[in-house]
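Chemist: For reference, the structure I am asking about is given below.
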Amino acid sequence: MISIAVMGSLGEETASRFVYKYYSLYRQIKILGIDVNFELVFLTVWIFLFIPLLSLYQHTIVSGMARLAGLSDCKHLILPVGLLLFDFSLLFFNNRTEFNLFATYIYPPLSIIFFSGLSLVLFLMYMLR
Numbered sequence: 001m002i003s004i005a006v007m008g009s010l011g012e013e014t015a016s017r018f019v020y021k022y023y024s025l026y027r028q029i030k031i032l033g034i035d036v037n038f039e040l041v042f043l044t045v046w047i048f049l050f051i052p053l054l055s056l057y058q059h060t061i062v063s064g065m066a067r068l069a070g071l072s073d074c075k076h077l078i079l080p081v082g083l084l085l086f087d088f089s090l091l092f093f094n095n096r097t098e099f100n101l102f103a104t105y106i107y108p109p110l111s112i113i114f115f116s117g118l119s120l121v122l123f124l125m126y127m128l129r
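For the sequence shown, the residue numbers in the working numbering are 1 to 129.
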């Protein structure tokens, strides 16, 4: 499903040149000098974990928006919010090089600060309460 979306939006010649770091890591696994095909296991686990996580994030956003707007039912917001999230995900990077720079230099410190800082703030709020 994801590869169809990537190929449809970027074309086969562009999508085939992409290097996915984790996917390449799983391609290099050898047991007793024999190449082992762990790519399928990795992709299956990634899809079964990533798709529900995105669905959970979207449901959280839609539920929060429905509560803020005072709506009793959030079904009418699911598709518009999903389309907006998809559009915003494509707007952040102009090309693959810009994405690689972000993923290499900006995202790791940002994620460490965000995740550890958020966890610390939540822990302190719990302890002070």
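No residue lacks a Cβ here, since even glycine has one placed at the ideal position from N, Cα and C.
Which of the three DSSP states, helix, strand or coil, is assigned to L71?
Modeler: Here residue 71 corresponds to residue number 71 of the sequence shown, with the count starting at 1. L71: coil per DSSP, three-state reduction.
Chemist: If you run the structure through DSSP and keep just helix, strand and coil, what is N95?
Modeler: Walking along the sequence shown from the start, residue 95 turns up at place 95. In the structure shown, N95 sits in coil (DSSP, three-state: anything other than H, G, I, E or B).
Chemist: With burial defined as no fewer than 16 other Cβ atoms inside 10 Å of the residue's Cβ, what is the status of L77: buried or exposed?
Modeler: Within the sequence shown, residue 77 is the residue found at index 77, counting from 1. Buried is the call here.
Chemist: On the three-pair Cβ rule with 8 Å, is the stretch 105–120 touching the stretch 78–97?
Modeler: Too few Cβ pairs lie closer than 8 Å, so no.
Chemist: Are the CB atoms of G82 and Q58 nearer to each other than 8 Å?
Modeler: The count along the sequence shown starts at 1 and reaches residue 82 at position 82. The count along the sequence shown starts at 1 and reaches residue 58 at position 58. Yes; because the gap between Cβ atoms is below 8 Å, this pair is in contact.
Chemist: Mind checking V36: buried by the 16 CB within 10 Å criterion, or exposed?
Modeler: For this step, residue 36 is matched to residue 36 along the sequence shown. It is exposed - the Cβ of V36 has fewer than 16 other Cβ atoms within 10 Å.
Chemist: For L118, report the span of its alpha helix (DSSP H) as first-last.
Modeler: Start at 1 with the first residue of the sequence shown, and residue 118 comes out as number 118. That run of the alpha helix (DSSP H) goes 107–128.
Chemist: Please tell me whether F115 and F102 are closer than 8 Å, where the distance is taken between their beta carbons.
Modeler: What you label residue 115 is simply residue 115 of the sequence shown in a count that begins at 1. What you label residue 102 is simply residue 102 of the sequence shown in a count that begins at 1. No.
Chemist: List the whole-angstrom C-beta distance separating F38 from I29, where the pair is believed to meet the contact cut-off of C-beta under 8 Å.
Modeler: Within the sequence shown, residue 38 is the residue found at index 38, counting from 1. Within the sequence shown, residue 29 is the residue found at index 29, counting from 1. 5 Å between Cβ atoms; contact.
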